[in-house]
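Chemist: Sending over a structure as structure tokens; questions will come in a sec.
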Amino acid sequence: MTKEEYVKTLKKEEDDNAQEVEDNDYDSGYYDGLNYAVDLAEKLDEPKQVIIPQFVADWIEEAKVYYGDEVDPLRIIFWIGDYISDTDSHYEWLGNIDNQELLLNAIANGYEVENEIEKYVRLKGFAGTASYLNYDVTFEEFFVDTTERDGCTKIKFTKRWLKDNWSEYEAYNNAGLLEFEEVEDE
Numbered sequence: 017m018t019k020e021e022y023v024k025t026l027k028k029e030e031d032d033n034a035q036e037v038e039d040n041d042y043d044s045g046y047y048d049g050l051n052y053a054v055d056l057a058e059k060l061d062e063p064k065q066v067i068i069p070q071f072v073a074d075w076i077e078e079a080k081v082y083y084g085d086e087v088d089p090l091r092i093i094f095w096i097g098d099y100i101s102d103t104d105s106h107y108e109w110l111g112n113i114d115n116q117e118l119l120l121n122a123i124a125n126g127y128e129v130e131n132e133i134e135k136y137v138r139l140k141g142f143a144g145t146a147s148y149l150n151y152d153v154t155f156e157e158f159f160v161d162t163t164e165r166d167g168c169t170k171i172k173f174t175k176r177w178l179k180d181n182w183s184e185y186e187a188y189n190n191a192g193l194l195e196f197e198e199v200e201d202e
């Protein structure tokens, strides 16, 4: 079954249930679930931009300059593999298979440069000042509060740290529910 056939089947089921919900004047969890499934299915083939370190972005941009703007992805890979040597301070990064996949994904689908600056993270939808992500270091749990800090609470984060430590990061970030705010000098 192709993605298009799957979406078409889900939409038909959704439409059939929409009429039943309307006719019987009640809410349908099943209908809402179908609506959500259709939304997810339509996004199946959307490539995601990955987050890469600044030095990797520099490698990609140098390869583009070397070959010109209309460079194909394989030339970028060839240039990086040929140009970067073991004397480069970041050479070991290329030796990791996960990083190689990250590099290929960045070249193919675009990328965002990793921001190593710690920022406050505000969750949209919360009212008042108690809308900032906090992390209890002792219990290793996230919670929402203010940017007031005590000895065992982390209140500033890098995107990389969040991605590595908060399992819900991708869902919140992809839904546009996170707002990153610069931290003023203390």
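Its first residue numbered 17, the sequence shown is counted upward by one per residue in this note's numbering. We put the beta carbon where it would ideally sit given N, CA and C, even for glycine. This one's a predicted model, so the numbers in the text were calculated from it and none came from an experiment.
Out of 30, 20 and 151, which one is the CA nearest neighbour of residue 61?
Modeler: For the purposes of this step, residue 61 is taken as residue 45 along the sequence shown, with counting starting at 1. Considering only alpha carbons, the answer is 20.
Chemist: Look at the alpha carbon of residue 152 and the alpha carbon of residue 82, and state the distance between them as a whole number of angstroms.
Modeler: Your numbering for residue 152 matches position 136 in the sequence shown. Your numbering for residue 82 matches position 66 in the sequence shown. So the alpha carbons of these two residues sit roughly 47 Å apart.
Chemist: Does DSSP put residue 33 in a helix, a strand or coil?
Modeler: To locate residue 33, count along the sequence shown from 1; it is residue 17. Here residue 33 sits in helix by DSSP.
Chemist: Going by alpha carbons, who is nearest to residue 74 out of 33, 35 and 119?
Modeler: Sequence index remark: in the sequence shown, residue 74 carries index 58 (1-based). It is 119 whose Cα lies nearest to the Cα of residue 74.
Chemist: Have a look at 24, 46, 195 and 63 and flag the residue whose alpha-carbon is nearest the alpha-carbon of residue 124.
Modeler: Working through the sequence shown from its first residue, we reach residue 124 at position 108. Measuring from the Cα of residue 124, the nearest candidate turns out to be 63.
Chemist: Check residue 98 in the structure and name its three-state DSSP category.
Modeler: What you label residue 98 is simply residue 82 of the sequence shown in a count that begins at 1. Residue 98 falls in the helix class under three-state DSSP.
Chemist: Going by C-alpha distance, which of 114, 182, 147 and 133 is nearest residue 199?
Modeler: Counted from its first residue, the sequence shown places residue 199 at position 183. Among 114, 182, 147 and 133, the Cα nearest to that of residue 199 is on 133.
Chemist: Using only the alpha-carbon positions, how far apart do residue 28 and residue 51 sit?
Modeler: Reading the sequence shown from its first residue, position 12 is the one you call residue 28. Reading the sequence shown from its first residue, position 35 is the one you call residue 51. Computed Cα separation, rounded: 11 Å.
Chemist: Any idea if residue 172 is buried or exposed, counting beta-carbon neighbours within 10 angstroms, 16 or more meaning buried?
Modeler: Counted from its first residue, the sequence shown places residue 172 at position 156. Result: buried.
Chemist: Whole angstroms are fine: how far does the CA of residue 76 sit from the CA of residue 88?
Modeler: The sequence position of residue 88 within the sequence shown is 72, counting from 1. The sequence position of residue 76 within the sequence shown is 60, counting from 1. Rounded to whole angstroms, residue 88 to residue 76 spans 11 Å at the Cα level.
Chemist: Go ahead and pull the three-state DSSP assignment for residue 163.
Modeler: Residue mapping note: residue 163 aligns to position 147 of the sequence shown, counting from 1. Three-state result, residue 163: coil.
Chemist: Exposed or buried, residue 113, counting other C-beta atoms within 10 Å across all chains shown (16 or more means buried)?
Modeler: Along the sequence shown, read from residue 1 onward, the residue named residue 113 stands at position 97. The residue is exposed, with fewer than 16 neighbouring Cβ atoms inside 10 Å.
Chemist: So the candidates are 176, 97 and 157; which of them puts its Cα closest to the Cα of residue 69?
Modeler: To locate residue 69, count along the sequence shown from 1; it is residue 53. Checked all of 176, 97 and 157; the closest Cα to residue 69 is 176.
Chemist: Along the chain, where does the beta strand (DSSP E) containing residue 125 start, and where does it finish?
Modeler: For the purposes of this step, residue 125 is taken as the residue at position 109 of the sequence shown. Per DSSP, residue 125 belongs to no beta strand (DSSP E); it is in the alpha helix (DSSP H), 113-125.
Chemist: Assuming residue 129 contacts residue 194 (C-beta within less than 8 Å), just tell me the rounded distance between them.
Modeler: Within the sequence shown, numbered from 1, the residue matching residue 129 stands at position 113. Within the sequence shown, numbered from 1, the residue matching residue 194 stands at position 178. Incorrect: roughly 17 Å between the Cβ atoms, too far for contact.
Chemist: Whose CA, out of 121, 71 and 131, lies closest to the CA of residue 105?
Modeler: As a position in the sequence shown, residue 105 is number 89, starting the count at 1. The option with the nearest alpha carbon to residue 105 is 71.
Chemist: From residue 91 to residue 190, what distance separates their C-alpha atoms?
Modeler: Residue mapping note: residue 91 aligns to position 75 of the sequence shown, counting from 1. Residue mapping note: residue 190 aligns to position 174 of the sequence shown, counting from 1. When rounded, the distance between both Cα atoms is 31 Å.
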